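As structure tokens, the structure follows; a few thoughts come after it.
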Amino acid sequence: MSRLARCLLLGVLLVGGAAVSGAEEELPAPVAPELPPDPFELFSARRSWDPILDAVPPCLPEEVPEALAGVMPFVLEDDESASRRVLELAHAAEKEEGGITPQLHLWIAVLRARTADTRERRRDSIRELARALDWGGEGRARSCAYLARARVELESGFAPEASASAVLALRGSAETPSDSLREGASFVRAEALRLAGRWEDAEPLYRSFGGSENRRIRAASALRLAFHEAEQQEPAEAWASLRQKIDEAREAGLSLDGFERNVAEYAQRAGDTRRALLWITRAADLRGDERTTGLAAVRKADLLAARGRGDDALTILQRLSEVHPVADLRTLARVRIVQLGLGEATEADRRKVLEKATRATEPGLAVNARAQLMQRAVRAGEVDEALFHYARLAYTDPELRFAPGWRADLDAALEMAVDPYCPTTVRRLAGRRELLMRDAQVAEPFIAMADCLLALDMPRPALETYRAVSRSFGAEMAPRLTLRLARASLGVGDLAAVGAAIKAHRAAADRGAEPVAGSLAGDSWALFEAELALREGRKEAAAELLLPLILEPGTPIRAVRWFAELARDGAGPEHAALILQELTARWQLEDQHEELAEERAYVALALADLLRAQGDRAGAHYVYGLAVEGLPEGAPLERARFLLADLERSTEASQRTFEAASQDGGLWGRLAAIELRSRDLREQVALDELDVQGADRIPEPGDLP
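Just so you know, we're using this note's numbering here: the sequence shown kicks off at 217 and counts up by one.
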């Protein structure tokens, strides 16, 4: 076997092996690359839905007037000189004897409209057709004039007017039967209805052309239906259907000018970036208006970057940013350079570009730039700036169509906004609560903010926030918010709502429902019910509810304080003092926490009062000392000092304590000063009595008070 034969055989084996491998394991479908938002959508440009007017058959006279016989071949071939030739014939007819007739005027207006290729010419053509129709004319010429006006109005973007003119053309076609005239008017009306946003009325008309003998109208209608159905299909299926309809339209001789950018978009969605790049390149190279070709060039740069050709994309965008005549397009090119991560600019320079773009005239471009700033702020951990950009986005474009990924960025910013220092959390979220809650997908930051409001002793805004979370995030929030809502209601004094919440909780427990755990730190339904009884003045019931709670580990210190104060007022059980003494002794063995020291001091003060009332002066003296160590400046501390001095065992210690207490500026300080002066006076009186009885007598210990 020759060397060439061996090579051929090896190639066949390799190809066969590849085929077998492919049969066993299907290749994955191409994945559409993530591209920035379509620039045509950012600029509110119509997306390749321009009317397909070359599908409409020419509406021409059955018998050509002699004056127009010479120009008809040029009109039929759409020759560029036809418009000028028609004008010459019109001027010549006007100079002839008898002037131009209404019928001839209609045909000249129709031919001028057919050759109008600029905005000014179309505007003049619409006016001339209106004058010609007002002047007169009859039969087919009049119907063709209405159809010509509908076409020009459609090209000029006047969809409702074009629909009305097409209806008038259809009415005229009933008098002068013509399938081509009727089909042309119906197709123009379908296009007008579609551009006016009335697809439900346009769709039956498009489907009615499925059996038309006019190949162009049949292909154009099928293409319209394919584009509409593509919005509801999977990308790969939509792209396959569109490719088939596009091939049929080409074979029918239809021009696809204006469809390139839409075809490219569907190809990109299906992952066919090569064909998408070919189609968008054609759109960028067409001789269209500068705005359309510039937007197509931006999309071409997006696709080049997606295919790994970043240098080519950067070249296109830099050129657009420097020389394009439309200012917003230059800005868009700079924003795309930042968005695609091209070039070597610093982060500060990139943000400056985006900040400038937020002031662009095109709303879509401004919103997209703002969304990028928000995303960069989130990635940098700049919470306040991210929330600021979101607020501006929401006020500028409530639908946020041009801000891809904004929802994930918002949720990330909200989660970062929760700070251990409650005032910071409230400052970040409270002012924009309703706006943020409208679009957020996470409820935890708002619950944390409301918890902070409760901790800062602002129950009313906390209650409003809990209710807003319950409304915004559905019934699944109820187990987490029930206790919080009751706590906030208690804070605003709505005892009826609190009682209703407790009854609902008891009913759920009786039904065997899953109990709602305490939502707030150290909270529970039992403790909450005790607090309600305390607020309502039911002291004995409150003490009875608190007694089992204070014996449990981890009970909030405020519950122990309430129990101690109730016991001091005589509402607690007889052994309340022993329970509180045991707790106080246990605290002395634990690590002291600054946040608990003050509350424990108040408990000690209430316990000392209770022991003093029971006649346990030694125990009261010790506990008053604990209270003095932990109480803040104020009347309770002054009172504790005074009573501690009153219970001191020795005169010297009592004197020193009273002197310290007299330094307080309040009522108890003044009482301590009075007590010191009273002691001095009693001592002086005792000394005077000794002098009277005789200096040789030795005073007994009981002589002094």
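Here a beta-carbon is modelled for each residue, glycine too, at the ideal position from N, C-alpha and C. Note that this is a predicted model, so its numbers are computed, not measured.
By the Cβ test, the stretch 360-374 is in contact with the stretch 325-339, since at least three Cβ pairs between them sit closer than 8 angstroms.
Non-local beta-carbon contacts of L863 in its own chain, meaning distances under 7 angstroms to residues more than five positions away in sequence, involve R833, A836, H837 and Y840 in chain order. With contacts defined as CB atoms closer than 8 angstroms, L441 and R414 fail to qualify as a contacting pair. Taking each of P451, G846 and D635 in turn and checking the Cα distance to M665, the smallest one comes out for D635. With a beta-carbon spacing of about 6 angstroms, V542 and G510 fall inside the 8 angstroms limit used to define contacts.
Between R515 and R546, the CB-CB gap reaches or exceeds 8 angstroms. When the Cα atoms are used, A704 and P772 turn out to be separated by approximately 18 angstroms. Assigned with DSSP and collapsed to three states, L863 falls in coil, not helix or strand.
Apart from sequence neighbours up to five positions away, the residues of its chain that approach L493 with a beta-carbon distance below 6 angstroms are L519, ordered along the chain.
R507 is the residue among A561, K568, L530 and R507 whose C-alpha sits nearest the C-alpha of H540. If you compare the alpha carbons of L827, V272, E257 and D527 with that of A382, the shortest gap goes to V272. Rounded to the nearest angstrom, the Cβ distance from R575 to A564 is 18 angstroms, too far for a contact under 8 angstroms.
By the Cβ criterion, the stretch 682-696 is in contact with the stretch 652-672, since at least three pairs of Cβ atoms, one from each stretch, lie closer than 8 angstroms. Residue burial is scored here from C-beta neighbours: P255 has at least 16 other C-beta atoms within 10 angstroms and is therefore classed as buried. C-alpha of I532 to C-alpha of A671: approximately 57 angstroms in a straight line.
Taking L530 as the centre and dropping the five residues before and after it, the same chain places the C-beta of I553, L558 and G559 closer than 7 angstroms to its C-beta, in chain order. With a threshold of 16 other beta carbon atoms within 10 Å, G788 meets it and is buried. Around the beta carbon of E854, a 10 Å sphere encloses 16 or more other beta carbons of the protein chains shown; the residue is thus reported as buried. In this structure, V658 sits away from E692, with a CB-CB distance that is not shorter than 8 angstroms. Relative to the Cα of E578, the nearest Cα in the group D544, L748 and D627 belongs to D544. Between A780 and L761, the C-beta gap is not smaller than 8 angstroms, which leaves the two residues out of contact. DSSP places E845 in the uninterrupted alpha helix (DSSP H) bounded by R833 to G846. If you look at S705, you'll find it in the alpha helix (DSSP H) that goes A694 to G707.
With a threshold of 16 other beta carbon atoms within 10 Å, P252 meets it and is buried.
Counting C-beta pairs closer than 8 angstroms gives fewer than three between the stretch 317-324 and the stretch 332-343, which falls short of the contact rule.
Residue burial annotation: S437 is buried, with at least 16 other C-beta atoms found within 10 angstroms of its C-beta.
A direct Cα-Cα distance of roughly 22 angstroms separates P420 from F374.
Nearest C-alpha to G400 among A361, S372, E416 and A412: A361.
Counted as a single uninterrupted DSSP element, the stretch harbouring E598 is not any alpha helix (DSSP H), since DSSP gives it neither H nor E.
One alpha carbon belongs to G690, the other to A717, and they sit about 19 angstroms apart. Here A585 is not near A593, since their CB atoms are 8 angstroms or more apart. For the pair E344 and R431, the Cα-to-Cα distance works out to about 32 angstroms. Annotation for G557: no alpha helix (DSSP H) segment contains it, and DSSP assigns it neither H nor E. Cα atoms of I324 and G355: separation of roughly 15 angstroms, rounded to the nearest angstrom.
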